[in-house]
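J.: Residue numbers for the sequence shown follow this note's numbering, beginning at 7 and rising by one.
C-beta: ideal position from N, C-alpha, C; glycine also.
What you are looking at is a predicted structure, and each value in this text was computed from that prediction instead of being measured.
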Amino acid sequence: MPAAEFNIIAIDGGAATGKSSTSRGMAECLQLMHVDTGAHYRTLTHALLHAGAQPGQDSEIQEALDTLELGTQIDGRSAQLSVNGQVPADSDLRSPEVNASVSQFAAIPAVRQKLFDYQRSLAPVAREKEYAGLVMEGRDIGSVIFPDADFRFFLHADEATRSTRRAKEGQTDSIAARDKMDSSRKTAPLVCPEGATQIDTGPFTLKEVISQVVAYIQG
Ligand code: C5P
């Protein structure tokens, strides 16, 4: 990647396909700012549950969303979403309660709307902070947030590999149920964006996947 260029890289895929580890590795190799948008939906889910809102309670959700002020805390290469000045602990974002309801909240248009402009605004932040580019991972990055990204990748892996990965992380997570809900929702569903480069991460080590993606970007 030429030093003078600023590249936006979109990484999409289902749960436990290796998006976060790959994106973090790419950020290190290519001096990029890394944004995990799954953490954004987890952060809002955590805040909404804390406010007593449940999926389906549209007016309560909108009322609670209106009280949430979004901000950014940068930690090394990672830009994290803060809500009312706080970045929740990772253990809160990956709790069984959040795992169980994040896809339901993420299907609500008002929740996605709250994040749309914020996520797009992170590209100028990465430029201002003089990163060589931005790598953003999620479900709708190459399709909705940055359809004009310089590079778009779609990761996938078989279900056994993905379940093993989550079990190794010690997490209780219904990967298949979340994928089903994420793929079938009306607003910004999980899809492989047209023209994205597809990578099956199952047969490869993390290092191999990062090398493949970095080699592709560097041409
Ligand atoms: O990436 P992670 O598994 O942490 O994402 C948690 C959930 O957030 C997903 O299952 C999905 O419901 C939602 N999500 C989304 N759009 C994104 C990123 C995540 O709907 N861009």
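Kindly examine ligand 1 and report whether one of its heavy atoms sits closer than 6 angstroms to the Cβ of V108.
T.: Position 102 of the sequence shown, counting from 1, holds the residue named residue 108. Yes, since a heavy atom of ligand 1 falls inside the 6 angstroms radius drawn around the Cβ of V108.
J.: Using the beta-carbon count (16 or more within 10 Å), is Y2 buried or exposed?
T.: Residue 2 lies beyond the stretch modelled for the chain, which goes from 7 to 225, so this question has no answer here.
J.: Where do the N-terminal and C-terminal ends of the beta strand (DSSP E) with T78 fall, by residue?
T.: The residue given as residue 78 occupies position 72 in the sequence shown. From DSSP, the beta strand (DSSP E) with T78 extends over L76 to D81.
J.: Just checking A112 against ligand 1 - is the residue's beta carbon closer than 6 angstroms to any of the ligand's heavy atoms?
T.: Residue mapping note: residue 112 aligns to position 106 of the sequence shown, counting from 1. Within the cutoff, so yes.
J.: Can you check whether the CB of V219 is closer than 7 angstroms to the CB of S149?
T.: The count along the sequence shown starts at 1 and reaches residue 149 at position 143. The count along the sequence shown starts at 1 and reaches residue 219 at position 213. For S149 and V219, no; Cβs fall outside 7 angstroms.
J.: How about Y124: is its Cβ closer than 6 angstroms to a heavy atom in ligand 1?
T.: The count along the sequence shown starts at 1 and reaches residue 124 at position 118. Outside the cutoff, so no.
J.: What residues in its chain sit with their C-beta under 7 angstroms from that of Q37, if we drop five residues either side in the sequence?
T.: For the purposes of this step, residue 37 is taken as the residue at position 31 of the sequence shown. Closer than 7 angstroms at the Cβ level, and outside the excluded window around Q37, lie Y137 and A138.
J.: With 16 as the cutoff for other CB atoms within 10 Å, does S42 come out buried or exposed?
T.: What you label residue 42 is simply residue 36 of the sequence shown in a count that begins at 1. Looking at the sequence shown, residue 42 is not Ser but Asp. Buried is the call here.
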